[in-house]
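Encoded as structure tokens, the structure appears first; notes follow it.
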Amino acid sequence: MTTSPAAQWGHAYWAAAEPFTIAALFTPEAGAVTEGVGLPARAAYLVLRAAPLGVAHPAVVTSAFHGFPRTTIERLLPAAWEAISPADAVVATHAAVATSSARQFADHPGNPRVSSMAAMLAEVVAELDTSGRPLAAANQAVDPPTEPWARLWRAMNTLREYRGDAHIAALVAADLDTVEAQVVMADWAGERLHLDRLRESRSLTDEIWLAARARLHQRELLTEQGSLTSAGRECRDQIEAATDIASARPFDRLGADRSWELWQFVGDLSSALIDTGRMIAVTPVGAPWPPPSPRTPRDLAVVPHA
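Residue 172 is where the sequence shown starts when you use our numbering, and the numbers rise one by one after that.
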């Protein structure tokens with residue numbers, strides 16, 4: 172499956188941005204939001220990520236998240252929304268991002284550019300067509316915060332969910348259920364993926380994991396030993412390519428020069444976190460690190476969709 176230059180930019184951006192974007196939901200400041208209302212700090216990721224959806228039924232959130240068990244979300248979210256409203260959780264997320272970023276990047280050389288990069292990215296995501304993308308649409312509907320770090324992060328998180336919604340659609344089209352998708356990704360990503368953390372965060376016991384492996388073996392996507400067959404690797408590569416294609420439009424709009432500038436900027440932020448040990452490079456989603464390096468804006472000139 173051939174991908175356009177804009178799709179390649181989308182993939183490169185995702186890899187560069189993922190550590191910074193996701194780290195914001197695992198900071199002490201983010202954990203303090205849920206701890207402050209009587210929930211564990213580790214609940215911050217699910218609660219703060221779900222907050223833009225409002226008080227949605229746990230089944231809807233489970234569907235949108237795709238990878239987390241419904242039992243976990245049913246146990247967590249109703250209790251969370253009794254303690255804090257989704258709207259207040261969104262505001263608290265922005266405050267946590269602003270505080271943690273000021274702490275983590277106080278002396279970062281890219282600091283003066285945060286406002287301009289936030290404004291550029293907020294303008295792009297405001298005009299996205301988020302039809303069929305529930306998490307992207309929910310993030311897009313959030314009133315952009317005025318604080319520069321929070322504004323930058325919300326726009327970046329909207330792009331993250333925009334790609335994630337497309338990825339889930341590609342998984343569904345490939346007829347992979349939530350556990351099968353994780354099993355396939357684990358072998359595809361290899362050392363790029365923190366398997367123990369993935370399985371722990373999604374409550375994937377040995378019994379559940381091995382049952383999914385058996386189903387994939389029946390479909391000839393996995394060997395008996397649990398490695399991807401050639402058909403399985405082709406399936407996963409097609410999923411990634413389909414995700415890239417469906418995530419290209421923001422980078423059509425940005426153009427090659429601004430895509431390059433953005434890639435460098437967000438990658439620098441992620442590197443700062445990884446280099447200081449505040450974020451790990453190997454994550455449960457298997458994003459490549461270091462991120463793939465586009466050569467020059469001219470080599471990957473963005474062309475509009477027909």
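We treat Cβ as the ideally placed atom computed from N, Cα and C, and that holds for glycine.
field: With 16 other Cβ atoms within 10 Å as the buried cut-off, status of Arg384
entry: buried
- request: Assuming Pro305 contacts Ala235 (C-beta within less than 8 Å), just tell me the rounded distance between them.
  value: 5 Å
- request: Can you check DSSP and say which residues form a bridge with Leu399?
  value: Leu393
query: Roughly how many whole angstroms lie between the Cα atoms of Tyr333 and Glu411?
result: 14 Å
message: Measuring alpha carbon to alpha carbon, tell me which residue in Gly438, Tyr184, Gln179 and Gln275 is nearest Pro199.
response: Gln275
task: Classify Pro461 as buried or exposed, calling it buried when 16 or more other Cβ atoms lie within 10 Å of its own Cβ.
output: exposed
query: Is it right to say Thr264 is buried, meaning 16 or more other beta carbons lie within 10 angstroms of its own, or is it exposed?
result: buried
message: Contact defined as beta carbons within less than 8 Å: I believe Leu375 pairs with Val343. What is the distance between those atoms, to the nearest angstrom?
response: Contact flag wrong, Cβ pair sits at about 19 Å.
Neighbourhood of Pro145 by C-beta distance below 6 Å, restricted to the same chain and skipping five residues each side: Any property of residue 145 remains undetermined from this structure, which presents the chain solely from 172 to 477.
query: For the putative contact between Arg331 and Ala188, defined by C-beta atoms under 8 Å, what is the C-beta separation to the nearest angstrom?
result: 7 Å
task: Can you tell me which of Ala293, Ala357 and Trp180 puts its alpha carbon nearest to the alpha carbon of Thr317?
output: Ala293
- prompt: If we count Cβ pairs, one from each stretch, closer than 8 Å, do we get three or more for the segment 176-183 versus the segment 407-425?
  reply: yes
- prompt: Going by the beta-carbon positions, is the gap between Pro190 and Met450 smaller than 7 Å?
  reply: yes
task: Pick out whichever of Leu366, Ile445 and Ala427 has its Cα sitting closest to the Cα of Pro455.
output: Leu366
- prompt: Per DSSP, Thr454 is paired with what?
  reply: Leu364
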